[in-house]
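Q: So that we are looking at the same thing, I have put the structure below in structure tokens.
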Amino acid sequence: MQAKQISYLDLYSEHRKNVPKLIKMFVQGIEQNDFILGENLELFESAYAKFNETKFCVGVASGLDALVLSLRTLKIGRGDEVLVPSNTFIATPFAVTHVGATPVFVEPNIDTYNITSQEIEKKITKKTRAILPVHLYGQACEMDKIMAVAKKYSLKVIEDNAQSHGATFKGKRTGGFGDINATSFYPGKNLGALGDGGAVTTNSRNLYESVNIFHNYGSSKKYFNEVVGYNSRLDSLQAAFLSIKLKDLVKKNTQRQVLAKIYMQELQNIGDIVLPKIAEHSTHVFHIFCIRTNKRDQLQKYLQSNGIQTIIHYPVPPHMQKAYSYLGYKKGELQIAETLARTSLSLPLYPTMPRENLLYIVKKIKDFYKK
Ligand SMILES: *Cc1c(COP(=O)(O)O)cnc(C)c1O
């Protein structure tokens, strides 16, 4: 018999305080017929650009679309190679495949789980056109060194900032280093909409204008189409909701960091647990609190039997997915990604998570290792 149930994420507890404001925006949107490319979208785009420390932002339909549109805008396509991490959410390599280019997997650092300039450099060929670093789990990549490698080989950089809204490297926010950058507002992200959403950010007016045309049927003037574009727009209602939620983002990231710190203190030297490591110059906004253990499956089962829900990010690395079987990778070829897939476990963590829940999880983990 188990009384206590702790879910991995409790989005309603995140939204509860803002429900009246969200409803007000919803009603206003209906009254003003503000649904597509309206004022609410423009307000959010400029607020997010400012938050992200970039000149421009274009709201799009999803994080995957933000990546695809970024690659298209850079004219990356057939015959090109794009360097992506071997351990990431599938959207990152899928975007590369969608534009006709080939994803080339770079192994991450085993401590930070992010790709490094050193490993990137090893995978550069004559066909390489761009680097697509992911600030995984909420931690910023070493963007100074990555930008330097890109410069050395004349490569473009597209940051995948879907997991790291608000993280910084050397004091500067992620999503503003690359030539053009993508992010997602999937509900569970640090900044999440009440549905799908994403954005492209850049400091280049040319790239901004190009994305702005691409995502809206290739037109800047209605019914005049300059290129074969997409329909990938962030709904104005979602934009309005995001504007409300953006105001709390910094505070919510801090709450995540406070909880993560307690996990880190409490789980030190427990069994074979490997805790997240924060790299020098990087901040971590803990989109995901990922631990590692060789007893991962047993631990997950034990926690589940005690009412604690955990998630594995990610159980199958992209090169081992059925969708990519045609790339011809063999098991064992990307060992760090495969080790991470075998040993990673993400513990519940969200800004409003009660401290007592966290302490209960810690207690159960300690019990597991005592047995
Ligand atoms: C969530 C996520 C995406 C994709 O975002 P969607 O909005 O779900 O398309 C891309 N990259 C990473 C690293 C993600 O975590």
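Under my numbering, the residue at position 205 of the sequence shown is numbered 249, and the numbers go up by one with no gaps. Quick reminder that beta carbons are idealized off the backbone N, C-alpha and C, glycines included. Predicted model, so just to flag it, every value in this text is computed and none were measured.
Output the residue ranges of the beta strand (DSSP E) runs that lie fully inside the segment 119-190 and measure 3 residues or longer, sorted by chain position.
A: Listed in chain order, the complete beta strand (DSSP E) runs (minimum 3 residues) inside the segment 119-190 are 125-129, 146-150 and 172-175.
Q: Closer than 7 Å by C-beta to Ala139: which residues in its own chain qualify, once you throw out the five before and the five after it? Chain order, please.
A: If we look at Ala139 and ignore the five residues flanking it on each side, its Cβ neighbours are Leu108, Leu111, Val112 and Leu115.
Q: Give me the Cα-Cα distance between Leu402 and Ala237, rounded to the nearest whole angstrom.
A: Each residue's Cα considered, the two are about 26 Å apart.
Q: Extract the residue ranges of the beta strand (DSSP E) inside the segment 50-106, only unbroken runs of 3 or more that lie entirely within it.
A: With a minimum length of 3 residues, the continuous beta strand (DSSP E) runs that stay inside the segment 50-106 are 100-104.
Q: Nearest to Thr132 by CA position, among Ile224, Ala206 and Ile80, is which residue?
A: Comparing Cα-Cα distances from Thr132 to each of Ile224, Ala206 and Ile80, the minimum goes to Ala206.
Q: Can you grab the Cα-Cα spacing for the pair Lys265 / Asn256, in whole Å?
A: Using only the alpha carbons, I get a separation of about 11 Å.
Q: Is it a yes or a no for the segment 58-74 touching the segment 239-257, going by three-plus beta-carbon pairs under 8 Å?
A: The segment 58-74 vs the segment 239-257: no contact.
Q: Please work out which residues of its chain come closer than 7 Å, Cβ to Cβ, to Thr156, disregarding the five sequence neighbours upstream and downstream, and give them in chain order.
A: Excluding residues within five positions, the ones whose Cβ falls inside 7 Å are Gln183, Lys321 and Ala323.
Q: For Arg386, which option in Val178, Cys334 and Arg249 has the closest C-alpha, if you only look at C-alpha atoms?
A: Of the listed residues, the one whose Cα sits closest to Arg386 is Cys334.
Q: Is it the case that the CB of Ala135 approaches a heavy atom of ligand 1 more closely than 8 Å?
A: Within the cutoff, so yes.
Q: On the DSSP letters alone, give me the boundaries of the alpha helix (DSSP H) that Ile314 sits inside.
A: First-last for Ile314: undefined, no H or E at that position.
Q: Considering Cα atoms alone, identify which of Leu384, Val329 and Ala304 is closest to Ile356.
A: When each option's Cα is compared against that of Ile356, the closest is Leu384.
Q: According to DSSP, is His325 helix, strand or coil?
A: Looking at His325 - three-state DSSP - the assignment turns out to be coil, as it is neither helix nor strand.
Q: Which of the three DSSP states is assigned to Asn256 in this structure?
A: Asn256 falls in the helix class under three-state DSSP.
Q: If you compare alpha carbons, which of Ile154, Glu125 and Glu151 is closest to Thr141?
A: Cα-wise, what sits closest to Thr141 is Glu125.
Q: Given this structure, state the Cα-to-Cα distance separating Gln344 from Gln353, to the nearest angstrom.
A: Rounded to the nearest angstrom, the two C-alpha atoms are 8 Å apart.
Q: Between the Cα of Gly232 and the Cα atoms of Glu75, Glu400, Leu281 and Ser106, which residue gives the shortest distance?
A: Residue Ser106 is the option with its Cα nearest to Gly232.
Q: Determine the burial state of Thr117: buried for a count of at least 16 other Cβ atoms within 10 Å of its Cβ, exposed for fewer.
A: Classification of Thr117: buried, given that the 10 Å Cβ count is 16 or more.
Q: Looking at Ile134 and Pro362, is the spacing between their C-beta atoms short of 9 Å?
A: Going by C-beta atoms, Pro362 is nearer than 9 Å to Ile134.
Q: Alpha carbon to alpha carbon, how far is Val462 from Glu165?
A: For residue 462 there is no data in the structure shown, the boundaries of the chain being 45 and 415.
Q: How would you call Phe100, buried or exposed, if buried means at least 16 neighbouring beta carbons within 10 angstroms?
A: Result: buried.
Q: Between the Cα of Leu389 and the Cα atoms of Leu281, Tyr181 and Pro152, which residue gives the shortest distance?
A: The shortest C-alpha separation from Leu389 is found at Tyr181.
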